[in-house]
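Taken in sequence, the protein lines are chains H and L.
For the first sequence, the numbering used here assigns the number 1 to the initial residue and increments by one for each residue that follows.
For the second sequence, the numbering used here assigns the number 136 to the initial residue and increments by one for each residue that follows.
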Amino acid sequence: MNRTLLLIWIIFPLYSGLVQCESRPTSAKIEGKTMQVTVKRTGGFTGIPLSKTIDSATLSQQEAAQLQKMMTTADFFKLPSTIPSTPQPDRFQYQITIDQEGKQHTVTVSETAVSANLKPLLNWLMAQPAQPKHD
Amino acid sequence: MISRQNKSTRAKSHPQESSHICPICCIIPPHMTDHIIKHGNEEMRAWAMETMRRSEQFRGRREIVGNIALAASTGQKRRTVYDARQGETLPGKLVRGEGGRKSKDVAVNEAYDGAGATYDLYHDVFERNSVDDRGLRMDSTVHYGSQYDNAFWNGNQMVYGDGDGRLFNRFTIAIDVIGHELTHGVVQYEAGLVYQGESGALNESFADVFGSLVKQRSLNQTVAQADWLIGAGLLAPGVKGTALRSLKAPGTAYNDPMLGKDPQPALYKNRYTGSQDSGGVHINSGIPNHAFYLAAMETGGFAWEKIGKIWYITLRDVLRSNANFSKAAEATISAAGQLYGQSSNEQTAVRKAWQAVGVT
Chain H
1 MNRTLLLIWI IFPLYSGLVQ CESRPTSAKI EGKTMQVTVK RTGGFTGIPL
51 SKTIDSATLS QQEAAQLQKM MTTADFFKLP STIPSTPQPD RFQYQITIDQ
101 EGKQHTVTVS ETAVSANLKP LLNWLMAQPA QPKHD
Chain L
136 MISRQNKSTR AKSHPQESSH ICPICCIIPP HMTDHIIKHG NEEMRAWAME
186 TMRRSEQFRG RREIVGNIAL AASTGQKRRT VYDARQGETL PGKLVRGEGG
236 RKSKDVAVNE AYDGAGATYD LYHDVFERNS VDDRGLRMDS TVHYGSQYDN
286 AFWNGNQMVY GDGDGRLFNR FTIAIDVIGH ELTHGVVQYE AGLVYQGESG
336 ALNESFADVF GSLVKQRSLN QTVAQADWLI GAGLLAPGVK GTALRSLKAP
386 GTAYNDPMLG KDPQPALYKN RYTGSQDSGG VHINSGIPNH AFYLAAMETG
436 GFAWEKIGKI WYITLRDVLR SNANFSKAAE ATISAAGQLY GQSSNEQTAV
486 RKAWQAVGVT
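Have a look at this one:
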């Protein structure tokens, strides 16, 4: 009886460890940091909102590096919370939120006021697959 | 016909323009605007285009005044269609001018014809000469952006995307979209409804209402024959829905796994009070949309004739830029009284409609 229990104590954790190793995605952390990025688009003629979330843990090393580069180009964490613009009818509004190791920042910007520095990041985010709506 | 109210008595928002430059007074030579168009950034290009348009308009008016043929300036459409070729530079390559040959590109023809039908509604029914009531050119750009699920009026022209093909078709496919965008221009030159909150929802509603009237008139439909839908035909095959919005039954236009459910309320008590979509301008427009529908159905016949007229006169002569739904109700009821008499059937229909949606 004792030996069986002992075996279970030894083997089970080893087995669990192996299983976890197999199921962990081969992916990158950016400089050891994890990051979550959400973009929400509202407005437009249709008025239908769209939301996309990207977890850096699901990205390849290359993609993660690309994302970091675009964030740097945009100087994202230094952008104002609301980029000012004159509202134009039927234009999209974007809300980008980046959560990086406890540091969080949200930027709201109209389609009309997206700078050349922010555009690559926004385009990349919008190109990610959309999630179906939950009702 | 109701004579125009004195516009200076109402605060109006003006079309986008450089506040310190009067293009008519200091005419920029063409080679300069040309250079700016080739090398400037988006803002500068927009200014140069606007300058050229206003100068052209001015020259047009001078010729007409010189010939003492004022009547000839009304009824004259000036349409131009451009192709942005999947880019975002406006206006793009000129592909069709007024009176020009039909294009092989269906989007070009739809933009051209839809602008014409919109002009005709405003001109024939409301005696309005184009977006600004002074014969403003109607410029449209098609194939804007890549898989762009949108259309808009940018203060100077209409812009249409091709849609992504999975959720949306090209945006010129529905004539009411074209009427909607041009009506944003009319609103800009008239009440100037601020695009936020209830005034923004009213702005959206006028655009939907007159977009719908353009479609109804192009099909010669009575109120009973009209489908009262906005963007029917815009949803790609396989999408669960008939249109983007319904004036007849707000909230029922679509219910799809990717798009979600049509969020429009029919009743004021169910209005959206959040901050998205500039305070829900595309959501709460369902309420005044439905009021228009109810008044039109009560009155019968062609919607553009009586209720359409009331709505137009309200937009042109009564509403201020910060109007809310309650003010809009007052304004339409007042306009109805002026046009058809106090306690007339028409005024009663309008009054009942606003009561039914819970605004009054």
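We put the CB at the ideal spot given by N, CA and C, even for glycine.
Every value quoted in this text rests on a predicted model; they were computed, and no experiment measured them.
Review point. Touching or not, the region 469–478 of chain L and the region 343–350 of chain L, by the rule of three or more beta carbon pairs under 8 Å?
Key: no
Review point. Do the region 233–249 of chain L and the region 264–284 of chain L meet, that is, are 3 or more Cβ pairs less than 8 Å apart?
Key: yes
Practice item. Answer yes if the region 295–308 of chain L comes into contact with the region 325–335 of chain L, meaning at least three C-beta pairs across the two stretches below 8 Å, and no otherwise. Key: They do not touch, by the three-pair rule.
Practice item. With DSSP collapsed to three states, give me the class of Q95 of chain H. Key: Counted from its first residue, the first sequence places residue 95 of chain H at position 95. Residue state, collapsed to three classes: strand.
Review point. In terms of residue numbering, what span does the alpha helix (DSSP H) encompassing K239 of chain L cover?
Key: Translated into the one-based positions of the second sequence, residue 239 of chain L becomes position 104. Where K239 of chain L is concerned, there is no enclosing alpha helix (DSSP H), given that its DSSP letter is neither H nor E.
**Study point:** Given 8 Å, three or more beta-carbon pairs between the region 307–314 of chain L and the region 356–370 of chain L
**Key:** A contact between stretches requires three or more CB pairs, one per stretch, nearer than 8 Å, and the region 307–314 of chain L meets this requirement with the region 356–370 of chain L.
Check your understanding: Just checking my contact of V321 of chain L with V266 of chain L at CB under 8 Å: how many whole Å lie between their CB atoms?
Key -> Stepping through the second sequence from its first residue, residue 321 of chain L is reached at position 186. Stepping through the second sequence from its first residue, residue 266 of chain L is reached at position 131. That pair is a contact at about 6 Å.
Check your understanding: In the region 413–439 of chain L, which residues sit with their C-beta less than 9 Å from some C-beta in chain H, listed in chain order?
Key -> Here the close residues are S413, G415, V416, H417, I418, S420.
Practice item. Pick helix, strand or coil for A207 of chain L, following the three-state DSSP scheme. Key: On the second sequence, residue 207 of chain L is found 72 positions in, with the first residue counted as 1. Since pLDDT at A207 of chain L reaches only 36, below the 50 mark, its modelled position is unreliable, and no value is offered.
Exercise for review: Would you list the residues sitting across from F287 of chain L in a DSSP beta bridge?
Suggested key: Counting from one through the second sequence, the residue named residue 287 of chain L turns up at place 152. F287 of chain L pairs with L:V294.
**Study point:** Limits of the beta strand (DSSP E) - the one that I54 of chain H falls within
**Key:** Residue numbering aside, residue 54 of chain H sits at position 54 when the first sequence is read from its first letter. Where I54 of chain H is concerned, the enclosing beta strand (DSSP E) stretches over 50–55.
Review point. Taking one C-beta from the region 407–414 of chain L and one from the region 431–443 of chain L each time, how about it: are there three or more such pairs within less than 8 Å?
Key: Flag = no, the region 407–414 of chain L and the region 431–443 of chain L do not touch.
Review point. Is it the case that the Cβ atoms of V107 of chain H and T82 of chain H are separated by a distance below 9 Å?
Key: What you label residue 107 of chain H is simply residue 107 of the first sequence in a count that begins at 1. What you label residue 82 of chain H is simply residue 82 of the first sequence in a count that begins at 1. Yes; because the gap between Cβ atoms is below 9 Å, this pair is in contact.
Check your understanding: Interface residues of chain A around H319 of chain L at Cβ under 8 Å?
Key -> Annotation note: the requested chain A is absent from the structure, which comprises protein chains H and L.
Exercise for review: Could you tell me whether the Cβ of P398 of chain L comes closer than 9 Å to any Cβ of chain H?
Suggested key: Here residue 398 of chain L refers to the residue found at position 263 of the second sequence. So, interface residue.
Check your understanding: K228 of chain L: buried (16+ other C-beta within 10 angstroms of its C-beta) or exposed?
Key -> To locate residue 228 of chain L, count along the second sequence from 1; it is residue 93. Exposed, since its Cβ has fewer than 16 Cβ neighbours within 10 Å.
Exercise for review: Could you please give the first and the last residue of the uninterrupted beta strand (DSSP E) stretch that includes M35 of chain H?
Suggested key: By one-based count along the first sequence, residue 35 of chain H stands at place 35. Start and end: 35–43.
Exercise for review: Look at Q131 of chain H and K52 of chain H and say whether their C-beta atoms are less than 9 Å apart.
Suggested key: Sequence index remark: in the first sequence, residue 131 of chain H carries index 131 (1-based). Sequence index remark: in the first sequence, residue 52 of chain H carries index 52 (1-based). Taking 9 Å as the Cβ cut-off, Q131 of chain H and K52 of chain H qualify as a contacting pair.
Exercise for review: Can you grab the Cα-Cα spacing for the pair A127 of chain H / L370 of chain L, in whole Å?
Suggested key: Locating residue 127 of chain H in the first sequence gives position 127, where the first residue counts as 1. Locating residue 370 of chain L in the second sequence gives position 235, where the first residue counts as 1. When rounded, the distance between both Cα atoms is 20 Å.
Point to revise | L125 of chain H versus H:A64, H:T34, H:P80, H:T46, residue with shortest Cα-Cα distance | key: On the first sequence, position 125 is the one that residue 125 of chain H refers to. Nearest of H:A64, H:T34, H:P80, H:T46 to L125 of chain H, Cα basis: H:A64.
Review point. Which chain L residues sit within Cβ distance under 7 Å of T42 of chain H?
Key: Counted from its first residue, the first sequence places residue 42 of chain H at position 42. By Cβ distance, chain L contributes Q411, D412.
Check your understanding: Are the C-beta of Y279 of chain L and some C-beta of chain H separated by less than 9 Å?
Key -> Taking the second sequence and counting its residues from 1, one reaches residue 279 of chain L at position 144. No, its Cβ sits nowhere closer than 9 Å to a Cβ of chain H.
**Study point:** Beta-carbon proximity list for G415 of chain L, same chain, < 6 Å, skipping 5 on both sides
**Key:** If you number the second sequence from 1, residue 415 of chain L lands on position 280. Excluding residues within five positions, the ones whose Cβ falls inside 6 Å are Y407.
Check your understanding: How many Å lie between D99 of chain H and V37 of chain H at the Cα?
Key -> To locate residue 99 of chain H, count along the first sequence from 1; it is residue 99. To locate residue 37 of chain H, count along the first sequence from 1; it is residue 37. Taking the straight line joining both Cα atoms gives about 6 Å.
Review point. When the cut-off is 9 Å and only beta carbons count, does S479 of chain L lie next to chain H?
Key: Start at 1 with the first residue of the second sequence, and residue 479 of chain L comes out as number 344. It does not; no Cβ of chain H falls within 9 Å.
Exercise for review: Check whether the Cβ of I48 of chain H lies closer than 9 Å to any Cβ atom in chain L.
Suggested key: Translated into positions along the first sequence, residue 48 of chain H becomes position 48. Closer than 9 Å to some Cβ of chain L, the Cβ of I48 of chain H qualifies, so yes.
Check your understanding: Over what stretch of residues does the beta strand (DSSP E) that includes T434 of chain L continue unbroken?
Key -> Position 299 of the second sequence, counted from the first residue, corresponds to residue 434 of chain L. Taken as a continuous stretch (DSSP letters only), T434 of chain L belongs to no beta strand (DSSP E), being part of the alpha helix (DSSP H) at 421–434.
Review point. Under a three-way DSSP split, which group does N459 of chain L fall into?
Key: If you number the second sequence from 1, residue 459 of chain L lands on position 324. Three-state DSSP puts N459 of chain L in coil, outside helix and strand.
Review point. So which residues on chain H does V312 of chain L lean against when the C-beta distance must stay under 9 Å?
Key: Numbered from its first residue, the second sequence carries residue 312 of chain L at position 177. Within chain H, the residues near V312 of chain L are F45.
Practice item. Determine whether the Cβ of A401 of chain L lies closer than 9 Å to any Cβ atom of chain H. Key: Translated into the one-based positions of the second sequence, residue 401 of chain L becomes position 266. Chain H, which has no Cβ nearer than 9 Å to the Cβ of A401 of chain L, makes this no.
Practice item. With a 10 Å radius around its C-beta and 16 neighbouring C-beta atoms as the bar for buried, classify K441 of chain L as buried or exposed. Key: In the second sequence, residue 441 of chain L corresponds to position 306, counting from 1. Burial call: buried.
Review point. Where does R380 of chain L sit, in a helix, a strand or coil, going by DSSP?
Key: Here residue 380 of chain L refers to the residue found at position 245 when the second sequence is read from its first residue. Three-state result, R380 of chain L: strand.
Practice item. Compare the C-beta of Q84 of chain L with all C-beta atoms of chain H and state if any pair is closer than 9 Å. Key: Given a span of 136 to 495 for chain L in the structure shown, any question on residue 84 of chain L remains unanswerable.
Review point. Comparing the C-beta of Q93 of chain H with each C-beta of chain L, is any distance below 9 Å?
Key: Here residue 93 of chain H corresponds to residue number 93 of the first sequence, with the count starting at 1. Contact with chain L is found for Q93 of chain H, since one of that chain's Cβ atoms lies less than 9 Å from the residue's Cβ.
Review point. At least one CB of chain H closer than 9 Å to the CB of H315 of chain L: is that the case?
Key: Indexing the second sequence from 1 puts residue 315 of chain L at position 180. Look at H315 of chain L: its C-beta is under 9 Å from a C-beta on chain H.
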